[in-house]
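Everything on this sheet refers to the single structure shown next.
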Amino acid sequence: MTTLKQLRGSAAIAGVATYGCGEAPGHTDMELLAEAARRAVADAGLAMKDIDGLCTASASATMWAMPVIEYLGLRPSYIDSTMLGGSSFIAHLLPAMQALASGQCNAVLVCYGSAQRTATFGRKEVVASRRFLDPQPYETPYEPMQPLSAYALAASRHMHEFGTTRRDLAEVAVAARAWARLNPEAFMRGPLSIDDVLGARMVCDPLSVRDSCLVTDGAGAFVLVRADHARDLPREPVHVLGTGTAVWNRQISSMHDLTMTAARDSGRAAFGMAGLAPRDIDVVQLYDAFTINVLLFLEDLGFCAKGEGGAFVRDGAIAPGGRLPVNTNGGGLSCVHPGMYGIFALIEAVRQLRGEGGERQVAGAVTALAHGNGGTLSSQATAVLGLAQAL
Amino acid sequence: MTNSSTTSQATATGVLARHQAELDAGRFLIQRCGACQRAVYFPRALCPHCGAGEPAMVAPAGTGAVYAVTTVRRKPEAGGDYNVCIVELDEGVRLMSRVEGMPLADVRIGLRVRARVVVPPGGSGMVVFGAATGDAA
Ligand SMILES: [Zn+2]
Numbered sequence: 001m002t003t004l005k006q007l008r009g010s011a012a013i014a015g016v017a018t019y020g021c022g023e024a025p026g027h028t029d030m031e032l033l034a035e036a037a038r039r040a041v042a043d044a045g046l047a048m049k050d051i052d053g054l055c056t057a058s059a060s061a062t063m064w065a066m067p068v069i070e071y072l073g074l075r076p077s078y079i080d081s082t083m084l085g086g087s088s089f090i091a092h093l094l095p096a097m098q099a100l101a102s103g104q105c106n107a108v109l110v111c112y113g114s115a116q117r118t119a120t121f122g123r124k125e126v127v128a129s130r131r132f133l134d135p136q137p138y139e140t141p142y143e144p145m146q147p148l149s150a151y152a153l154a155a156s157r158h159m160h161e162f163g164t165t166r167r168d169l170a171e172v173a174v175a176a177r178a179w180a181r182l183n184p185e186a187f188m189r190g191p192l193s194i195d196d197v198l199g200a201r202m203v204c205d206p207l208s209v210r211d212s213c214l215v216t217d218g219a220g221a222f223v224l225v226r227a228d229h230a231r232d233l234p235r236e237p238v239h240v241l242g243t244g245t246a247v248w249n250r251q252i253s254s255m256h257d258l259t260m261t262a263a264r265d266s267g268r269a270a271f272g273m274a275g276l277a278p279r280d281i282d283v284v285q286l287y288d289a290f291t292i293n294v295l296l297f298l299e300d301l302g303f304c305a306k307g308e309g310g311a312f313v314r315d316g317a318i319a320p321g322g323r324l325p326v327n328t329n330g331g332g333l334s335c336v337h338p339g340m341y342g343i344f345a346l347i348e349a350v351r352q353l354r355g356e357g358g359e360r361q362v363a364g365a366v367t368a369l370a371h372g373n374g375g376t377l378s379s380q381a382t383a384v385l386g387l388a389q390a391l
Numbered sequence: 392m393t394n395s396s397t398t399s400q401a402t403a404t405g406v407l408a409r410h411q412a413e414l415d416a417g418r419f420l421i422q423r424c425g426a427c428q429r430a431v432y433f434p435r436a437l438c439p440h441c442g443a444g445e446p447a448m449v450a451p452a453g454t455g456a457v458y459a460v461t462t463v464r465r466k467p468e469a470g471g472d473y474n475v476c477i478v479e480l481d482e483g484v485r486l487m488s489r490v491e492g493m494p495l496a497d498v499r500i501g502l503r504v505r506a507r508v509v510v511p512p513g514g515s516g517m518v519v520f521g522a523a524t525g526d527a528a
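First to last, the sequence lines map onto chains A and B.
When we follow the numbering used here, the leftmost residue of the first sequence carries the number 1, and every step to the right adds one.
When we follow the numbering used here, the leftmost residue of the second sequence carries the number 392, and every step to the right adds one.
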């Protein structure tokens with residue numbers, strides 16, 4: 001039997017790519033995905049024929065792996081299309097590592113694409129279809145504006161229990177924008193101040209439009225291979241030191257505690273497998289669908305104590321030049337958010353470890369954490385990544 | 392055969408349908424597990440705490456407190472702002488709902504509330520809350 005400790009560092013990300021981030025009018029989800037996939041495979045120094053494992057998920061197509069395999073012309077011996085919302089592509093890591101370790105496959109492509117910003121089939125239609133296909137009969141009658149209302153409810157509770165303020169939440173949005181201003185790929189790069197966020201149009205109190213992620217197009221892909229294989233490929237391998245996934249609930253009203261997410265479990269699993277602690281992490285990428293997410297995940301992943309997220313981010317502490325670099329690409333708040341952001345958090349972690357961050361590069365980053373979230377604080381997946389010297 | 396299967400279908404209506412039928416008749420029920428005695432909401436076919444078969448439907452006291460709250464902003468011409476909250480019942484379970492009959496800004500966490508069932512025109516019965524004035528906190 002292979003233990004999780006034995007899997008530590010056994011696989012590495014050998015290639016990454018993004019494509020069509022921001023606006024990609026006239027494209028389908030599949031076209032964006034395919035181009036990101038093609039570029040990630042090339043980045044890994046591989047050919048599409050080398051890919052014999054596939055992980056993918058879609059917010060709309062329930063059998064999404066099949067058309068992706070068909071479109072890319074693959075014959076994979078390993079397939080995972082587990083759909084956990086935005087955490088999916090980080091959740092795909094551990095089963096893929098096991099498949100690689102067992103020899104079931106040799107090169108796994110993880111890929112996602114969405115044209116949600118420019119598609120004619122818009123969010124309204126998706127929401128209407130889900131009412132029938134995936135009903136939540138105990139929440140829908142009250143017309144929560146999802147997913148925003150769910151996160152607003154969590155924010156209200158966090159503020160009540162811990163004295164967190166709207167200004168604390170605004171710090172998260174302002175830090176994300178400051179990073180985005182250093183990233184040519186980011187969709188929103190204009191200046192943003194605390195007062196801008198506090199004065200922005202309220203959508204679901206206490207969250208304003210500036211506390212909310214972007215709605216963009218975009219695709220991301222990465223290639224995972226065994227570590228020994230990665231060492232023979234052109235890119236510096238980024239090893240998966242630890243990873244974990246946890247789900248406690250689907251609906252926000254079913255959360256056991258609105259201020260604590262299953263990231264507590266996914267983070268514990270990832271750090272446990274990696275043999276590392278939060279203080280060992282150089283750069284952090286957190287799924288920031290809304291500003292409250294970052295506070296919750298900093299707490300639940302152990303970067304600060306429960307309730308201290310607001311204090312932790314104050315005075316630019318997670319912005320460029322702060323004590324902990326968080327969401328260095330600008331995050332879902334300012335860089336890209338095509339429905340499921342998790343894969344972009346992972347890709348940015350890889351780029352930072354490879355030293356490809358350009359103006360936003362965190363000097364000397366050897367370890368990184370990428371965290372995905374799905375549903376309405378429902379699914380959580382964490383990955384701890386590191387360069388060879390972290391093995 | 393045909394008769395008995397028809398009969399069993401008529402009586403074996405699912406948990407969701409039976410709970411909704413009670414709401415449509417103006418009655419708000421939660422569940423209590425006969426095995427572990429814990430309260431359950433939303434209603435379901437097994438106890439999420441201990442795995443026992445379908446918990447019995449019981450009437451809650453109907454009182455609780457606002458646990459989390461948001462005001463959803465909407466243009467006045469579309470109906471204006473409205474409240475969405477999560478209420479924790481005194482039985483310890485929570486549900487999404489709304490608090491009616493008071494200014495939105497006054498719906499705060501900790502507010503004592505009392506349930507009532509409303510049936511919107513042409514719609515299904517649903518639980519909403521109002522301020523539980525006079526109730527002990
Ligand atoms: Zn029970």
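All C-beta atoms in this analysis are idealised placements derived from N, C-alpha and C, irrespective of residue type, glycine included.
DSSP, reduced to helix, strand and coil, places residue 261/A outside both helices and strands of the structure shown, so it counts as coil. The nearest non-hydrogen atom of ligand 1 is 8 Å or more from the C-beta of residue 434/B.
For the C-beta of residue 480/B, not a single chain A residue is nearer than 8 Å; the gap to the nearest is close to 12 Å.
Rounded to the nearest angstrom, the gap between the Cα atoms of residue 358/A and residue 183/A is 8 Å. By the Cβ criterion, the segment 354-372 of chain A is not in contact with the segment 217-234 of chain A, since fewer than three pairs of Cβ atoms, one from each stretch, lie closer than 8 Å. Just so you know, the alpha carbons of residue 268/A and residue 87/A end up roughly 16 Å apart. Taking C-beta atoms under 8 Å as the contact rule, residue 37/A and residue 72/A qualify, at a distance of about 6 Å. Taken from the Cβ of residue 256/A, every heavy atom of ligand 1 lies 8 Å or farther away. Not a single heavy atom of ligand 1 lies less than 8 Å from the C-beta of residue 447/B. Bounds of the beta strand (DSSP E) holding residue 480/B are 473-480. C-alpha of residue 287/A to C-alpha of residue 406/B: approximately 36 Å in a straight line.
Residue 498/B is not bridged by DSSP to any residue. If you draw a straight line from the Cα of residue 381/A to the Cα of residue 57/A, it is about 15 Å long. Against residue 433/B, the close residues of chain A are 138, in the order they occur along the chain (beta-carbon pairs closer than 7 Å). At a cut-off of 9 Å between beta carbons, residue 348/A makes no contact with chain B. Residue state for residue 302/A is assigned as coil, using DSSP reduced to three classes.
The segment 317-354 of chain A is shown to contain whole alpha helix (DSSP H) runs of 4 or more residues at 342-353, in chain order. The C-beta distance from residue 9/A to residue 296/A rounds to 28 Å, too long to meet the 8 Å contact threshold. Here residue 433/B is not near residue 508/B, since their CB atoms are 9 Å or more apart. Judged by beta-carbon spacing, residue 30/A lies within the 9 Å limit of residue 67/A, meaning their Cβ atoms are closer than that value. Shown in chain order are the members of the segment 479-501 of chain B whose Cβ falls below 7 Å from a Cβ of chain A: 485, 486, 487, 488, 489, 500. Taken through DSSP and simplified to helix, strand or coil, residue 151/A comes out as helix. With its beta carbon at least 9 Å from every one in chain B, residue 213/A lies outside the interface.
Set against 8 Å, the gap from the CB of residue 483/B to the closest heavy atom of ligand 1 is not smaller.
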